[in-house]
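First residue of the sequence shown? That's 0 in numbering that gives the first Met the number 0, and the numbers climb one at a time after it.
For glycine and all other residues, C-beta sits at the position ideal for the given N, C-alpha and C.
Working notes, beginning with the structure itself.
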Amino acid sequence: MIAGRRVETLMEDLDGRMRLHGTKEVHVLPDVRTTFQLFAAHLRRVDAPWSYPPHAHAMFELNVVTEGVQRFAIESKTLEQRPGDIAIVRPGERHAATADDGKTMAYFCLHFQADDPLLRRSLHALDRGLYPQGSEVERRIGPAISRLIELATADADAESAALRMRTLSAVYALLAALAEEPQPHRRSADKPAQAGGAARLAEAIAGRIERSVAEGPHGEAEDDAILRIARSLGYSPSHCARVFREAYGMSPRAYRSAVTLREAKLLLLDPFLTVEAIAAKLGYDDPATFSKQFRRWTGMSPREYRT
C-alpha cells in the first residue's frame, strides 16, 4: 500500500520514467525541471530628493513601497506608489524611480529570472502597471512579500543554508500566487496572441524547443533548429517568432539559449559527467566553444560554476 492506494509494482526504467504494473489508481505530480535565480533583493530607505536613473535589464522586477511616496516610471507611464502598492517590471522594460516630496521613502525590490515556460507566460500576461494596496493582486501576493521583507531584515547569517531555503520558499510562494492571478488582470483581452490558437502555437514551439535540447545534438545550428521547428508546425519563422515573443517575452532563439543554459547548469550538478561529455550532450563539437558560451551567459566557466 502506498498512501492508501494499491500499487502492485512500482519501478523506474533507465530514463527515470515510472513503469506501473497492476495499478488501480495513481496520482502523479508534474515533472519539474527548472532553474531559478534571485538577484539583489533588498529593503532600502532614502531621504527625498532621491532618484534612480532609467535603466533596463533581462530580469523581472517587483517593487513595493513600504513608507512614503515613490514615482515609478515604466516605459512612458509614471505610477505613484504609496505603502503597499506593487509595481511589476518585465524583462527589457525601461524603468526609473524618484522620491521628491522632501520626506523619507522606503521600498522593497527584488529581481528574478525563471525559465519555466508556463510561469513566464503567466508573468508576461499580467497588466503592466500598478497593483495598489487592497487590490486582488496585492492581497494575493502580499503575504509572500511581507515574508520576504521579514527575511531581509532578520538578524541572520545571509550565507546560512536555512535562510536561503526560507527565502526560496517565500519566493516560490510569491511566484505561485502571481501565476494563479485571475483572468480580469490579464492582457488576453487586448492581445490576440495570448488567446486561442496563438497561445497553443507558442506552447507547441516551447515544447519542441525543450525536446530538441533534451534529446541531444542534431548536428544543426541554432537558427536551423528554430527554422525546422517552425516548418514542422506549418508556420513561417517570422510568424512563430512574433507569437512566441508575445507569449514569452523573448524570441524562440533566446528561449532555446535559455533552455540550453538551464540544461547545462543541471548537468554540471552531476559530478560524474565531465565538461567534455556535457558539451557533447548539448551539441557542441568543441568543449572550448561550450565553455566560452557558458562564460558569456553566466560570467564564469563551467568548472568555476561547479565549485
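Does the beta-carbon of residue i have 16 or more other beta-carbons within 10 angstroms, so that it is buried, or is it exposed?
{"i": "R119", "result": "buried"}
{"i": "M249", "result": "buried"}
{"i": "D269", "result": "exposed"}
{"i": "P48", "result": "exposed"}
{"i": "R302", "result": "exposed"}
{"i": "E179", "result": "exposed"}
{"i": "H54", "result": "exposed"}
{"i": "G67", "result": "buried"}
{"i": "P142", "result": "exposed"}
{"i": "M164", "result": "exposed"}
{"i": "V25", "result": "exposed"}
{"i": "A307", "result": "Because the chain here runs from 0 to 306, residue 307 falls outside it and cannot be looked at."}
{"i": "P183", "result": "Note that P183 has pLDDT 44, beneath the 50 cutoff, so the model's placement of it is unreliable and no number is given."}
{"i": "F107", "result": "buried"}
{"i": "V27", "result": "exposed"}
{"i": "E214", "result": "exposed"}
{"i": "E245", "result": "buried"}
{"i": "L117", "result": "exposed"}
Less than 8 Å between C-beta atoms, sequence neighbours within five positions excluded: which residues of the same chain meet that for residue i?
{"i": "P74", "result": "Correcting the residue identity first, residue 74 is Glu in this sequence and not Pro. Taken in chain order, the residues that qualify are E92, R93, H94 and R127."}
{"i": "A276", "result": "none"}
{"i": "T288", "result": "A278"}
{"i": "D189", "result": "Below a pLDDT of 50, predicted positions are generally treated as unreliable, and D189, at 41, falls in that range; the measurement from the model is reported next regardless. Around D189: no qualifying Cβ."}
{"i": "E137", "result": "G83, D84, I85, Y130 and P131"}
Sort the options by Cα distance to residue i and report the nearest one.
{"i": "A234", "options": "A124, Y254, P301 and A201", "result": "According to the sequence provided, residue 234 is Tyr. The question's Ala does not apply to it. If we check each option's Cα against that of Y234, A201 comes out closest."}
{"i": "A172", "options": "G196, L147, A153 and E158", "result": "L147"}
{"i": "T273", "options": "S290, P131 and A257", "result": "S290"}
{"i": "E135", "options": "A176, S159 and D269", "result": "A176"}
{"i": "S121", "options": "R89, A224 and E149", "result": "R89"}
{"i": "I144", "options": "P82, A197 and D100", "result": "P82"}
{"i": "G206", "options": "V170, W296 and Y254", "result": "Y254"}
{"i": "Y51", "options": "A39, Q69 and V63", "result": "Q69"}
{"i": "T166", "options": "A279, Q36 and E24", "result": "Q36"}
{"i": "K264", "options": "C239, W296 and E149", "result": "W296"}
{"i": "R252", "options": "D285, P286, E209 and L232", "result": "E209"}
{"i": "R324", "options": "L78, T97 and Y304", "result": "Residue numbering for the chain in the displayed model covers 0 to 306; residue 324 lies beyond these limits and cannot be assessed."}
{"i": "E149", "options": "L42, T306, G101 and R305", "result": "L42"}
Once the 5 residues before and after residue i are set aside, which same chain residues still bring their CB inside 7 Å of it?
{"i": "T72", "result": "The displayed chain sequence assigns Ala, not Thr, to residue 72. H94 and A95."}
{"i": "T259", "result": "V212 and L281"}
{"i": "R294", "result": "S300"}
{"i": "L266", "result": "L272, I277 and K280"}
{"i": "D46", "result": "T103"}
{"i": "G286", "result": "Note that residue 286 is Pro in the sequence shown, not Gly. V274, E275 and A278, listed in sequence order."}
{"i": "Y283", "result": "F289"}
{"i": "R305", "result": "L267"}
Leaving out five residues on either side along the sequence, give the residues of the same chain with a beta carbon under 6 Å from the beta carbon of residue i.
{"i": "P236", "result": "L226 and A229"}
{"i": "D222", "result": "none"}
{"i": "E60", "result": "V88 and H110"}
{"i": "P131", "result": "D84"}
{"i": "A113", "result": "F35"}
{"i": "E325", "result": "No answer is possible for residue 325: the residues shown for the chain start at 0 and end at 306."}
{"i": "A224", "result": "S211"}
Which class does residue i belong to by DSSP, given the choice of helix, strand or coil?
{"i": "H238", "result": "helix"}
{"i": "P48", "result": "coil"}
{"i": "A143", "result": "helix"}
{"i": "L281", "result": "coil"}
{"i": "F59", "result": "strand"}
{"i": "E179", "result": "coil"}
{"i": "A40", "result": "strand"}
{"i": "A335", "result": "Residue 335 is absent from the model: the chain starts at 0 and stops at 306."}
{"i": "G128", "result": "strand"}
{"i": "A95", "result": "strand"}
{"i": "R185", "result": "Annotation note: pLDDT 46 at R185 (below 50); position unreliable, coordinate value reported separately. Three-state result, R185: strand."}
{"i": "F107", "result": "strand"}
{"i": "E66", "result": "strand"}
{"i": "P301", "result": "helix"}
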